[in-house]
Amino acid sequence: MRVNYSYIEEFFKILSGQAAIKDIQHNTAFKIISAHANKFENDFSLHKLEKVINKKSEEIFGFKDFFKNRGAILNLINLMKKKEGKWLKEVQESIRCLFPKTEFKDITIYPVIGYDIGIGINKAVCINVNTEIFLNNFKELISTTIHETAHVMYEKYHGPIRGLNEIGSFYSMKEFLDYYIHYEGTGVFAAEEFRIKNRLPNSGTPIQEDYLLSSNKDMIFKLLNEYRSLVDDLKHNKVHSIYEFLERGFGRSRLTHRLGFAIFDAINRKYGIEEIQKAIALPSEKFMKKYLSILELERA
Ligand SMILES: [Zn+2]
């Protein structure tokens with residue numbers, strides 16, 4: 001596992017006029033973000049970067065307050081370089097117990113500016129350093145690196161991440177939902193122990209609220225009901241648009257993250273970490289069939 005700072009360096013060179021905007025499209029991190037944006041129909045392009053750099057527009061995904069944060073970002077990059085060894089060690093320790101057979105050496109972390117807070121795809125983790133919680137607390141950056149590295153490992157087991165553009169053609173909405181409960185549950189479960197150990201909050205921003213979970217039984221049963229009713233409506237053709245599906249599965253209640261975590265947490269309490277390793281390795285459909293019942297039984 002290593003960190004590659006080339007995207008950030010290139011970006012600052014462009015800002016200071018030492019390089020041309022178009023040069024950045026040859027950077028690996030740029031290609032990885034583009035591939036991700038393509039899968040999720042997000043707006044990311046050279047043209048958008050150009051807008052940020054030339055017109056100082058910050059109305060672009062992940063660039064909020066960038067010019068205000070610039071000094072803090074440079075400090076954070078220095079901190080990342082200084083603490084790199086410890087940072088990577090924390091990530092590997094959290095991941096190794098969940099994916100005992102996987103290697104880290106082909107995984108690269110790219111600090112970037114702009115786009116999503118973190119993505120983990122194609123053996124790469126991109127971390128947007130223009131993120132308020134990272135600028136305020138380095139441990140939040142470690143937590144997100146753990147979460148995204150878990151996604152990279154998940155791809156090693158299950159193949160490339162499923163994109164929005166595949167709903168309806170390759171996957172049904174139910175398959176897509178179960179996949180993301182398994183996928184996000186793995187990411188949240190991977191980082192949760194680190195967050196608890198370091199007393200990171202489970203409120204404040206949406207990414208922190210993904211971790212608002214485990215001990216609250218009422219919330220778990222509410223999520224279980226939301227899942228059941230969504231699956232039921234899908235079965236009876238009562239979900240009328242992809243928008244409605246995404247709102248119910250991926251919207252405010254963060255069903256995929258929270259229900260996914262609740263299932264893994266229940267497996268851990270009942271059977272321990274070796275069962276977690278097996279559960280991650282199962283195809284998502286089998287995972288849901290086998291383990292959702294633990295939560296159902298807890299409700300009974
Ligand atoms: Zn995630």
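Position one of the sequence shown corresponds to residue 1 (full-length UniProt numbering), numbered consecutively onward.
Using N, Cα and C, we set each Cβ at its ideal position, and we do this for glycine too.
Asked	Found
Who pairs with Tyr171 in a beta bridge, going by DSSP?	Ile167
To the nearest angstrom, how far is the alpha carbon of Leu213 from that of Phe261?	8 Å
Mind checking whether the beta-carbon of His236 lies closer than 7 Å to any heavy atom of ligand 1?	no
Can you tell me the Cα-Cα spacing of Thr102 and Leu135, whole angstroms?	31 Å
Please name the residue in Lys290, Val112, Asp265 and Leu234 whose C-alpha comes closest to that of Ala124.	Val112
State yes or no: is the C-beta of Gly260 nearer than 7 Å to some heavy atom of ligand 1?	no
Quick one, which of Lys290, Ser143 and Gly163 has its alpha-carbon nearest Glu90's?	Ser143
Quick check on the DSSP output: the alpha helix (DSSP H) that includes Pro111 runs from which residue to which?	It is not in any alpha helix (DSSP H) - Pro111 instead sits in the beta strand (DSSP E) that spans Thr108 to Val112.
Whose C-alpha, out of Lys289, Arg195, Tyr171 and Val231, is nearest the C-alpha of Lys139?	Arg195
Could you tell me which residues DSSP puts in a beta bridge with Ala279?	Partner(s): none; Ala279 has no beta bridge.
May I ask which residues mark the beginning and end of the alpha helix (DSSP H) holding Asn78?	Phe66 to Lys82
Reducing DSSP to helix, strand and coil, say where Val152 ends up.	helix
On the criterion of 16 or more Cβ atoms from any shown chain inside 10 Å, does Ile242 qualify as buried, or is it exposed?	exposed
Since Met1 and Phe104 are thought to touch, with beta carbons under 8 Å apart, how far apart are those beta carbons, to the nearest angstrom?	4 Å
Gly62 and Gly114 - do their beta-carbons sit closer together than 8 Å?	yes
Would you list, in sequence order, the uninterrupted alpha helix (DSSP H) runs of no fewer than 4 residues that lie entirely inside the segment 184-255?	206-209, 217-235 and 242-250
Nearest by alpha-carbon distance to Phe40: which of Gln18, Asn128, Arg162 and Glu58 is it?	Arg162
Determine the burial state of Leu295: buried for a count of at least 16 other Cβ atoms within 10 Å of its Cβ, exposed for fewer.	buried
So if DSSP puts Ile119 in a beta bridge, which residue, or which two residues, is it bridged to?	Cys126
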